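Student: As you go down the protein sequences, you meet chains P and F in turn.
Each residue of the first sequence is one higher than the one before, counting from 1151 in the working numbering.
Each residue of the second sequence is one higher than the one before, counting from 203 in the working numbering.
Idealized CB from N, CA, C, for every residue including glycine.
Since this is a predicted model, take the numbers as computed values, not measurements.
First, the structure itself, so that you have it in front of you.
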Amino acid sequence: MAKAKRRSPGVKGWVIQPLRATFRETMSALLKPETILYPYESKEERDELRKYFRGQHRIDWLKCIGCQLCSRVCPNDCITMEKVKVGEDYQEPSRSEMDEKKNVVLRPGVNIGRCLFCGNCSEYCPTGAWVHTSVVELADFSRDALVFTAEQLKIEGKPTKELKNRIEENPKLDEETCIGCKRCARECPTRCIVMIPGKKMRKDKPIENPKFDYSICIGCGTCAEICPSDSLTMEEI
Amino acid sequence: MTDIWINMGPQHPMTHGLFNLRIRVDGETIVDADPILGYLHRGVEKLCERRDYTQIIPLMDRLCYVSSLTWSHAYCLAAEEMMGIEIPERAKYLRVIALELQRVASHLMWLAAFGPDVGLITALLYAMREREYFLDMLQLMSGARMNQNYPRIGGVRNDIPPEFPHKCLKVLDYFDGKRKLYRRLLDDSAIFMMRTEGVGYLSKEDAMNLGVTGQTLRGSNCPIDLRTHDPYEVYDELDWEVQVAKEGDCYSRYTVRTNEMWESCKIIRGALKKMPKGPIRVKPPKRPKGQAFRRTEDSRGEALIYIIGEGGESPYRLKVRSPVFANMRAVPVILKGHTIADLLVIMGTIDVCIGETDK
């Protein structure tokens, strides 16, 4: 083994230097302590930083359109879509859902026990309905208490008409196989599909094919998933 | 000579994670060592085959919780090379700032763990205190203190808030002011020198033959740093120096790590000054084809990601080359001839992080 040659620390290095360093730090710590009594006290700088923290989610029910994109981009499958009954005022802004007459809409609920707070849900939300609060104290005594239902995460902000296609994909139709069942038009959360008569005929009537309005399509892929004849595929813009 | 094997681990306060180091001793002297890995295997490479390209980024963060950003960044670089996309200039600067903040935080975490290894609890308290400020800066930047999920294929997740440069410079000034304290407490302390000087010698030839990378290699007088030798992002445009130490013992590995922290501060200052305005993200292709590998300078050495895409939504294969896994090969060579008391100091300077080693 090679013995390294360095300058000797000298007498000062033995005791005086390290002791001086720790003594100075002790004095400054006594005058200006770094630690705080956590639940009772808070530091101003900390509170400022908290604004930027990705904590517990809240979902703006008026902005949410129930497109299920969040549950698709989630790496841990912790988002479940729930069917909830709402009043009349939810119909226009939230174009979502199955049957408008029944006043039922889809809204996401989150299992915090599985969530890794990566922020993908809020990043890919087409309307910006997902909000991260700075709430971090989420520990609980049972696993059931960690499952937050859609009702618990509800906030009501301002409805928006702005739709952004963050997935950057659009559905494309294969007219050969389309059977004209209209399911895509019914399930589309943004109502960007209208059915128009196509070239193919069935019983002397033209089969109705979907026509997409790509300006309001969010690329959620619900139509391609629901299509019974697999005639819709998602393609990049 | 009797044949006695001693188990160090699988649970030991020195490491981040679980691994077993079996050592054969003759009295107090170590004759042979055998690191056994596999207690923390999670099958990350297999998991990647079932996730799409976006969902892999948070998974890569979890390879190593101490320096998570460097790993997700390495993955993003490899994926970008495969897809053949060039990211905007501002995104490159933002990534460099985030990477260097993470590097300082990681080295401080190492210092906090290394202090108790040599019997200095004071270092733990001070280093953790400083690390807090760097985690705050990462939070301000990306929204999370650890496992940030910040880099994206084609840029970064979000832009920095307007008050970030001011606050970051304040933290850097504070940290530079603490340099004197660490010199007095550790660098110049005779007791610290006695524990580390001449201990754990690794020659330059041995280090290169064993495939050792990172600070362990640079501590053995071999100035190889991928940030200058295979420059990525904008490291070649910024003004900084590779840290080397001649001797190759524990003390020189310590000085390389600590000097790197101040060097990282220099890089952040330069990047904040030079950062242009503009877009931060470009659109990546959804179903890429091809293969690429990219190596980066992780906080512990050379990190490599090899990725194959076959036109699907998720990669066909993703291979992770962990720096600590290769450095672990050098452990039996370094340990030979030392006493058990020196074991912790030597293992401490290698900076073992099992999360990325086992994958």
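Would a check of beta-carbon distances place residue 261 of chain F closer than 9 angstroms to chain P?
Tutor: In the second sequence, the residue the question calls residue 261 of chain F occupies position 59. So yes, residue 261 of chain F belongs to the interface.
Student: Can you confirm whether the stretch 463-476 of chain F touches the stretch 231-246 of chain F when touching is taken to mean that 3 or more C-beta pairs between the two stretches lie within less than 8 angstroms?
Tutor: The answer is no - the stretch 463-476 of chain F does not touch the stretch 231-246 of chain F, with fewer than three Cβ pairs under 8 angstroms.
Student: Our contact map puts residue 1223 of chain P next to residue 1270 of chain P with C-beta atoms below 8 angstroms; I'd like the distance itself, whole angstroms only.
Tutor: Within the first sequence, residue 1223 of chain P is the residue found at index 73, counting from 1. Within the first sequence, residue 1270 of chain P is the residue found at index 120, counting from 1. Yes, residue 1223 of chain P and residue 1270 of chain P are in contact; Cβ-Cβ is about 5 angstroms, under 8 angstroms.
Student: Within the continuous beta strand (DSSP E) that includes residue 1261 of chain P, where are the two ends?
Tutor: Taking the first residue of the first sequence as position 1, residue 1261 of chain P is located at position 111. Counting along the chain, the beta strand (DSSP E) containing residue 1261 of chain P begins and ends at 1254-1261.
Student: In this structure, what does DSSP give as the bridge partners for residue 207 of chain F?
Tutor: Residue numbering aside, residue 207 of chain F sits at position 5 when the second sequence is read from its first letter. According to DSSP, which records beta bridges pairwise, residue 207 of chain F is partnered with F:226.
Student: Near residue 1314 of chain P, what residues of its chain come up, given a Cβ to Cβ distance below 6 angstroms and the 5 sequence neighbours on each side ignored?
Tutor: As a working note, residue 1314 of chain P is residue 164 in the first sequence. Within the same chain, residue 1314 of chain P has close Cβ partners 1276.
Student: Could you check the C-alpha separation between residue 482 of chain F and residue 396 of chain F for me, to the nearest Å?
Tutor: The residue labelled residue 482 of chain F in the question sits at position 280 within the second sequence. The residue labelled residue 396 of chain F in the question sits at position 194 within the second sequence. Near 49 angstroms, if we compare the C-alpha coordinates of residue 396 of chain F and residue 482 of chain F.
Student: Would residue 417 of chain F count as contacting chain P if we go by Cβ distances under 9 angstroms?
Tutor: Position 215 of the second sequence, counted from the start, is the residue given in the question as residue 417 of chain F. Closer than 9 angstroms: no.
Student: Given a cut-off of 9 angstroms, decide if residue 1368 of chain P and residue 1316 of chain P are closer than it, judged by their beta-carbon atoms.
Tutor: Mapped onto the first sequence, residue 1316 of chain P falls at position 166. Mapped onto the first sequence, residue 1368 of chain P falls at position 218. A contact, by the Cβ cut-off of 9 angstroms.
Student: Applying the 10 Å Cβ sphere with the 16-neighbour rule, what's the burial state of residue 500 of chain F?
Tutor: Counted from its first residue, the second sequence places residue 500 of chain F at position 298. Flag for residue 500 of chain F reads buried.
Student: Under 8 angstroms, with one C-beta from each stretch per pair, do the stretch 451-462 of chain F and the stretch 407-427 of chain F reach the 3-pair mark?
Tutor: The answer is yes - the stretch 407-427 of chain F touches the stretch 451-462 of chain F, with three or more Cβ pairs under 8 angstroms.
Student: For a contact meaning CB atoms closer than 8 angstroms, what does residue 1172 of chain P contact in chain F?
Tutor: Position 22 of the first sequence, counted from the first residue, corresponds to residue 1172 of chain P. Near residue 1172 of chain P (Cβ distances below 8 angstroms), the residues of chain F are 324 and 387.
Student: Taking buried to mean at least 16 other C-beta atoms within 10 Å of its own C-beta, is residue 1246 of chain P buried or exposed?
Tutor: Your numbering for residue 1246 of chain P matches position 96 in the first sequence. At residue 1246 of chain P, the pLDDT of 47 sits below 50, so the modelled position is not reliable and the matter cannot be decided from this model.
Student: If residue 531 of chain F and residue 413 of chain F are in contact, beta carbons under 8 angstroms, what's the gap, nearest whole angstrom?
Tutor: Residue 531 of chain F sits at position 329 when you count from the first residue of the second sequence. Residue 413 of chain F sits at position 211 when you count from the first residue of the second sequence. The pair is a contact, with the Cβ atoms about 7 angstroms apart (cut-off 8 angstroms).
Student: With a cut-off of 9 angstroms, does the C-beta of residue 475 of chain F fall near any C-beta of chain P?
Tutor: Residue 475 of chain F sits at position 273 when you count from the first residue of the second sequence. With 9 angstroms as the cut-off, residue 475 of chain F does not count as an interface residue toward chain P.
Student: Does residue 1327 of chain P come out as helix, strand or coil in the three-state DSSP assignment?
Tutor: Looking up residue 1327 of chain P in the first sequence gives position 177. Coil.
Student: For chain P, find out if any of its Cβ atoms is closer than 9 angstroms to the Cβ of residue 420 of chain F; answer yes or no.
Tutor: By one-based count along the second sequence, residue 420 of chain F stands at place 218. Not one chain P Cβ lies under 9 angstroms of residue 420 of chain F.
Student: At the 9 angstroms Cβ level, is residue 1199 of chain P part of the contact set with chain F, yes or no?
Tutor: Your numbering for residue 1199 of chain P matches position 49 in the first sequence. At least one chain F Cβ lies under 9 angstroms of residue 1199 of chain P.
Student: Tell me, please, whether the CB atom of residue 1246 of chain P is closer than 9 angstroms to any CB atom in chain F?
Tutor: As a position in the first sequence, residue 1246 of chain P is number 96, starting the count at 1. Note on residue 1246 of chain P: pLDDT 47, under 50, position unreliable in the model; no value is reported.
Student: For residue 224 of chain F and residue 209 of chain F, which I take to be in contact (beta-carbon distance under 8 angstroms), what is that distance rounded to the nearest angstrom?
Tutor: For the purposes of this step, residue 224 of chain F is taken as the residue at position 22 of the second sequence. For the purposes of this step, residue 209 of chain F is taken as the residue at position 7 of the second sequence. Residue 224 of chain F to residue 209 of chain F, Cβ: 6 angstroms. Contact.
Student: Do residue 510 of chain F and residue 496 of chain F have their CB atoms nearer than 9 angstroms?
Tutor: For the purposes of this step, residue 510 of chain F is taken as the residue at position 308 of the second sequence. For the purposes of this step, residue 496 of chain F is taken as the residue at position 294 of the second sequence. No, Cβ-Cβ distance for residue 510 of chain F and residue 496 of chain F is not below 9 angstroms.
Student: Whole angstroms is fine: what's the gap from residue 245 of chain F's alpha carbon to residue 561 of chain F's?
Tutor: Along the second sequence, one-based indexing puts residue 245 of chain F at 43. Along the second sequence, one-based indexing puts residue 561 of chain F at 359. Approximately 6 angstroms between the Cα atoms of the pair.
Student: State the beta-bridge partners of residue 262 of chain F as determined by DSSP.
Tutor: Reading the second sequence from its first residue, position 60 is the one you call residue 262 of chain F. Paired residue(s): none; residue 262 of chain F is not in a bridge.
Student: Looking at the C-beta of residue 331 of chain F, does it have a partner C-beta in chain P at a distance below 9 angstroms?
Tutor: For the purposes of this step, residue 331 of chain F is taken as the residue at position 129 of the second sequence. True, the Cβ-Cβ gap to chain P drops below 9 angstroms.
Student: Residues of chain F with CB closer than 8 angstroms to the CB of residue 1204 of chain P, please, in chain order.
Tutor: By 1-based counting over the first sequence, the position of residue 1204 of chain P is 54. Going along chain F in sequence order, the residues near residue 1204 of chain P (Cβ under 8 angstroms) are 345 and 346.
Student: Does DSSP put residue 1246 of chain P in a helix, in a strand, or in coil?
Tutor: Residue mapping note: residue 1246 of chain P aligns to position 96 of the first sequence, counting from 1. Residue placement at residue 1246 of chain P is flagged as unreliable, the pLDDT there being 47, under the threshold of 50; the coordinate-derived value follows with that caveat. If DSSP states are grouped into helix, strand and coil, residue 1246 of chain P belongs with coil.
Student: Should residue 1176 of chain P be labelled buried (16 or more other beta-carbon atoms within 10 Å of its own) or exposed?
Tutor: Along the first sequence, one-based indexing puts residue 1176 of chain P at 26. By the neighbour-count rule (16 or more Cβ atoms within 10 Å), residue 1176 of chain P is not buried but exposed.
Student: Leaving out the 5 sequence neighbours to the left and right, which residues in its chain are closer than 6 angstroms to residue 469 of chain F when beta-carbon positions are compared?
Tutor: Here the question's residue 469 of chain F lines up with position 267 in the second sequence. The answer, listed in chain order, is 302, 440 and 442.
Student: Can you say whether residue 1207 of chain P is buried or exposed, counting buried as having 16 or more other CB atoms within 10 angstroms of its CB?
Tutor: Start at 1 with the first residue of the first sequence, and residue 1207 of chain P comes out as number 57. Its Cβ being crowded by 16 or more others within 10 Å, residue 1207 of chain P is buried.
Student: Alpha carbon to alpha carbon, how far is residue 519 of chain F from residue 280 of chain F?
Tutor: Here residue 519 of chain F refers to the residue found at position 317 when the second sequence is read from its first residue. Here residue 280 of chain F refers to the residue found at position 78 when the second sequence is read from its first residue. Distance between the alpha carbons of residue 519 of chain F and residue 280 of chain F is about 12 angstroms.
Student: If you reduce the DSSP assignment to three classes, tell me which class residue 410 of chain F lands in.
Tutor: The residue labelled residue 410 of chain F in the question sits at position 208 within the second sequence. Residue 410 of chain F: helix per DSSP, three-state reduction.
Student: Rounded to the nearest angstrom, what separates residue 1352 of chain P and residue 1337 of chain P at their Cα positions?
Tutor: Sequence index remark: in the first sequence, residue 1352 of chain P carries index 202 (1-based). Sequence index remark: in the first sequence, residue 1337 of chain P carries index 187 (1-based). Rounded to whole angstroms, residue 1352 of chain P to residue 1337 of chain P spans 24 angstroms at the Cα level.
Student: Considering only DSSP beta bridges, list what residue 495 of chain F is partnered with.
Tutor: Here residue 495 of chain F refers to the residue found at position 293 of the second sequence. According to DSSP, which records beta bridges pairwise, residue 495 of chain F is partnered with F:508.
Student: Is the beta carbon of residue 278 of chain F closer than 9 angstroms to that of residue 259 of chain F?
Tutor: Along the second sequence, one-based indexing puts residue 259 of chain F at 57. Along the second sequence, one-based indexing puts residue 278 of chain F at 76. It is a contact, given that the beta carbons lie within the stated cut-off.
Student: Name, in chain order, the residues that DSSP records as bridge partners for residue 1360 of chain P.
Tutor: Position 210 of the first sequence, counted from the start, is the residue given in the question as residue 1360 of chain P. The partner list for residue 1360 of chain P (beta bridge, DSSP) reads P:1345.
Student: Check each residue of the stretch 487-505 of chain F: if its Cβ is closer than 9 angstroms to any Cβ of chain P, include it; give the result in chain order.
Tutor: Cβ contacts with chain P come from 487, 488 and 489.
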